[in-house]
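Enquirer: Going by my numbering, the sequence shown opens with residue 240, and the numbers climb by one from there.
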Amino acid sequence: MKLVYDSSDPVIQFGVDEIKKSLLRRDIFYVEQYEKHVTTLYPSKGIVVRKVDERKINESYIFEDEAFLIRRKDQLIIIEGKDSRGVMYGCLEWAEWIERGKKLLADEQVSQKPSLQMRGIKYNLPYAPFDQGDALRENEDTCMTMEYWRPYIDMLAKNRYNCLSLWSEHPFHLMVVSSKYREANPFEDQKIKENIQFFRNLMKYAKDRGIDIFLFTWNIRLLPEVATGLGYPSSVGEFGNMYDHLIHRVGTTLNRFRETSEIIKDYFYEMILQVLLTYPDLKGIGTSASEWMDGTGYEKEAWIAETYVKAIKESGRHISFIHRTNMQNAGKEIKDVIQEQFDSKDLYISWKYSNAHCYSHSEPQFEQLWGAWEGIDLEKTQVLYTVRNDDVFTFRWGDPDYVRAYVKGMLKPYVKGFYWGADGYIWGKDFQHVNYGHKTWTYDFEKHLFQFQLWGRLSYNPDIDDEVWEYLLREPYGKAHAGRFLIGLRESSKIIPAVNRLFWMDYDFQWHPESCLSQVSGFKTILDFVEAKAMPGSGVMSIDEFVKAENNGDLEQVRTGYKETPYDIVTILEESTKNVEKILIDLETIPKEEKTSYCQCTQLDLYAWVELGRYYQNKFKAAIELNRYSLNPSLPHKNLAISLLKEASTHWERLGHYWSLHNKPYFMARVKMTFGYPYYLEDTYKDVEYAKQFGNSTNTKVNNQSMIGRDADE
């Protein structure tokens, strides 16, 4: 058979290469024919891959951007799209059909088009990062090597991502140099050249895979060495803490000083301009006018206009600008100062859709609750959602139904897409897993591949069915066992969203549910759970509301205003852990020689998920009993809570056992504590003592729900 395609297009070439791999694996012989001219004669049998001229559009199918059509004409398979990405996605789809042995019947066709225009990754670079932790420190070298980025970007392309957003508080010293501010770059000339070549290679490689790269910064943040190079004391470049009043200097705050300094303003303008001129493959740049800035909304927006916007205009480039809106409801100011300076297709407004917890509810309501678009004309505005997974960094997560519902919830007229990722974690080098035993992978994204596949594939086509997921899981788990692992992952992944809906805290520094840790207060105790607030706008009745309604005798009436009660959440935890346990019993029957490294590792993850789910199940039930006791001081309530917390402690101990069989502790960036379940077993014992003392005159509830201020991160 013949394989006809345009070899001069690297994006299409990538898709065709996947077809060739599939043909070889199926022992199908092919001969390549390069299409360079419209006079090419197509074979009667084979595969033709082609970009369709918009002037000669297929009459039976209207091609949209990044869409593809695969059709059969006698013994010829034709893969078409009007752009390179669409053709590449068609090739990737057909490569899978070949692998699966699927056939296209005569005159049958398959077509897909993207549900969301931008499908991206939020990637916090470990250079001048927002926070410090082992995930960032361990990946400083990794993220400066193409040996890492090539497989990572290939993975993104295969899973229909078209955006890679790179985030750093101050990336300029690594990426550019300017004679005007040469002293502000601490590197030698040769190192600067090497860095520039690296980032050019990175952007070119991404472009050749149909992926746009965006750069996000934190406006007025500096480094001490940069401040020195600008003629200021190094303290002007200290990151400090935006909530710490010790950063205030005589007469003004450090942030205010940086914002009003003409030198610093001009430095940022120059750096942004040089980035735009140095990297022609950079698709866009983004920032905010909120964190680390003082002054009025108009003053902040004026600073953005005189640096970022000015540089974009003077670069002469047609480039996108993404204006983030966290910590800021400044719709009128953005509209008045920034929006009118851009064509509507070039400006995006970014919003944290689920705050820091995408694994909570598939349709978060914070836009409405916080008045996100006040003053903004959504008919003329493109919105991008920041989707933050600051929930799960260690155990594998993968629930297709949840991601499908989440994606469909994002399908709004003004929403153009999203990028998802973490603030304090990088799926780079796998530094958590012990480097012996069943570990056969190098990078964390390889271990957590299914999660990446779900968000990428479903944001392109949310109607993918389980047959595809089972096929994708065949490689890591084997054909005979993929279906069982799919069930196990789907069921275990219901645990964290359920926990977050009943125990809600907006931001990652306040709450990491996989570890039960908080930067604000450490390990979250039973006293925190007694006072827990449910996720706003989720329709979940809080524990306090439930017990009060129960005590008042009007529970049935009150619950009609909610979608879930605390016991509904507890039931989810009970049922999901039981279902995972059933799968584990089944998995134990697999002969050892049939278990791949991923089978062994995921099996331990599933055992851990069961224990984590049961820990929270018992802790929630104990919180309900202590709330009942507070309204009706009856010893059976307290005694039951004590018993439940003892059981919770047992599950935590088992959780630590399964975790420690193949994982190592690490220091977490955002909660600023060491992750490792055995370290906090003593805290679960303290919960029992808190319950015993609950209600005593000497007992003081600790309220860890308070915030110091709005989130400082992205």
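Each residue gets a CB set at the ideal place from its N, CA and C atoms; glycine is no exception.
Does the separation of the CB atoms of residue 592 and residue 631 fall below 8 Å?
Expert: For residue 592 and residue 631, no; Cβs fall outside 8 Å.
Enquirer: Give a yes or no on whether the C-beta atoms belonging to residue 407 and residue 345 are separated by under 8 Å.
Expert: Cβ distance not < 8 Å, so residue 407 and residue 345 don't count as in contact.
Enquirer: Mapping DSSP to helix, strand and coil, what is residue 286?
Expert: Residue state, collapsed to three classes: strand.
Enquirer: Can you confirm whether the region 351 to 362 touches the region 391 to 411 when touching is taken to mean that 3 or more C-beta pairs between the two stretches lie within less than 8 Å?
Expert: Touching, yes, given that three or more Cβ pairs across the two stretches are closer than 8 Å.
Enquirer: Taking the alpha carbon of residue 704 as the point to measure from, which residue in 686, 725, 687 and 688 has its own alpha carbon closest?
Expert: With distances taken between Cα atoms, residue 704 lies closest to 725.
Enquirer: What span of residues does the alpha helix (DSSP H) with residue 890 cover, start to end?
Expert: It spans 874 to 899 - the alpha helix (DSSP H) in which residue 890 sits, taken as one unbroken run.
Enquirer: Is it right to say residue 385 is buried, meaning 16 or more other beta carbons lie within 10 angstroms of its own, or is it exposed?
Expert: The residue in question, residue 385, is exposed, as its Cβ has fewer than 16 Cβ neighbours within 10 Å.
Enquirer: Closer than 7 Å by C-beta to residue 742: which residues in its own chain qualify, once you throw out the five before and the five after it? Chain order, please.
Expert: Excluding residues within five positions, the ones whose Cβ falls inside 7 Å are 768 and 771.
Enquirer: Please determine if the region 407 to 424 and the region 460 to 470 are in contact, where contact requires at least 3 C-beta pairs separated by less than 8 Å.
Expert: Touching, yes.
Enquirer: For residue 365, count the other beta carbons within 10 Å of its own beta carbon; 16 or more makes it buried, fewer makes it exposed. Which is it?
Expert: The residue in question, residue 365, is buried, as its Cβ has 16 or more Cβ neighbours within 10 Å.
Enquirer: Consult DSSP for residue 363 and reduce its assignment to one of helix, strand or coil.
Expert: DSSP places residue 363 in strand when its eight states are reduced to three.
Enquirer: To the nearest angstrom, report how far apart residue 728 and residue 534 are at their CA atoms.
Expert: Taking the straight line joining both Cα atoms gives about 48 Å.
Enquirer: DSSP state of residue 309, grouped into three classes?
Expert: Three-state result, residue 309: strand.
Enquirer: Using CA coordinates, which residue listed in 555, 909, 528 and 619 is at the minimum distance from residue 579?
Expert: Out of 555, 909, 528 and 619, 619 has the C-alpha closest to the C-alpha of residue 579.
Enquirer: Suppose contacts are defined by Cβ-Cβ distances below 8 Å. Is residue 623 in contact with residue 657 by that definition?
Expert: Contact flag set, yes.
Enquirer: What alpha helix (DSSP H) runs, 4 residues minimum, are completely inside the region 655 to 731?
Expert: If we require 4 residues or more, the alpha helix (DSSP H) runs fully inside the region 655 to 731 come out as 683 to 686, 688 to 699, 705 to 716 and 721 to 731.
Enquirer: Would DSSP call residue 821 helix, strand or coil?
Expert: Residue 821 falls in the helix class under three-state DSSP.
Enquirer: For residue 639, count neighbouring Cβ atoms within 10 angstroms of its own Cβ and tell me buried if that reaches 16, exposed if not.
Expert: Buried.
Enquirer: If distances are taken between C-alpha atoms only, which option among 895, 517 and 477 comes closest to residue 439?
Expert: Checked all of 895, 517 and 477; the closest Cα to residue 439 is 517.
Enquirer: Assess, as a yes-or-no matter, whether the region 825 to 843 is touched by the region 856 to 873 under the definition of 3 or more beta carbon pairs within less than 8 Å.
Expert: With a cut-off of 8 Å, the region 825 to 843 and the region 856 to 873 do not count as touching, because too few Cβ pairs lie within range.
Enquirer: Could you tell me how far apart the beta carbons of residue 895 and residue 904 are, in whole angstroms, since I believe they sit closer than 8 Å?
Expert: Actually they are not in contact, since the Cβ atoms of residue 895 and residue 904 sit about 11 Å apart, beyond 8 Å.
Enquirer: Give me, in chain order, the residues of the same chain whose beta-carbon lies closer than 7 Å to that of residue 866; leave out the 5 immediate sequence neighbours on both sides.
Expert: If we look at residue 866 and ignore the five residues flanking it on each side, its Cβ neighbours are 769, 782, 783 and 786.
Enquirer: May I ask you to report which of helix, strand or coil DSSP gives residue 485?
Expert: Low local confidence applies: a pLDDT of 36 at residue 485 is under 50, so the model's placement there is unreliable, and no value is given.
Enquirer: What are the start and end residues of each continuous beta strand (DSSP E) run of 3 or more residues lying completely inside the region 613 to 644, in chain order?
Expert: Runs found: 621 to 627.
Enquirer: Taking residue 848 as part of the alpha helix (DSSP H), name the residues at either end of that continuous run.
Expert: From DSSP, the alpha helix (DSSP H) with residue 848 extends over 836 to 870.
Enquirer: Name, in chain order, the residues that DSSP records as bridge partners for residue 272.
Expert: Answer by DSSP bridge pairing, in chain order: 243.
Enquirer: In the DSSP output, what is residue 393 paired with across the bridge?
Expert: Beta-bridge pairing links residue 393 to no other residue.
Enquirer: Can you round the beta-carbon distance between residue 305 and residue 324 to whole angstroms, since I take them to be within the 8 Å contact cut?
Expert: Sure, about 5 Å apart at Cβ, within 8 Å.
Enquirer: Measuring alpha carbon to alpha carbon, tell me which of 337, 907, 853 and 877 ends up nearest residue 891.
Expert: Among 337, 907, 853 and 877, the Cα nearest to that of residue 891 is on 853.
Enquirer: So does the region 335 to 345 actually touch the region 876 to 889, counting three or more Cβ pairs closer than 8 Å?
Expert: Contact fails: fewer than three Cβ-Cβ distances are below 8 Å.
Enquirer: So what's residue 902 in DSSP terms, helix, strand or just coil?
Expert: Here residue 902 sits in strand by DSSP.
Enquirer: Let me check understanding here. Comparing Cα to Cα, which of 677, 249, 799 and 910 lies closest to residue 449?
Expert: Residue 249 is the option with its Cα nearest to residue 449.
Enquirer: What distance in whole Å lies between the Cβ atoms of residue 667 and residue 913, which are believed to be in contact at a cut-off of 8 Å?
Expert: With a Cβ gap of about 20 Å, residue 913 and residue 667 do not count as contacting.
Enquirer: I'd like the span of the alpha helix (DSSP H) that includes residue 470, first residue to last.
Expert: No alpha helix (DSSP H) holds residue 470; DSSP gives it neither H nor E.
Enquirer: With a cut-off of 8 Å, do at least 3 Cβ pairs link the region 600 to 614 to the region 643 to 654?
Expert: Counting Cβ pairs under 8 Å, three or more are found: they touch.
Enquirer: Just the Cα atoms here: how many angstroms apart are residue 244 and residue 251?
Expert: If you take the alpha carbons of residue 244 and residue 251, they lie about 8 Å apart.
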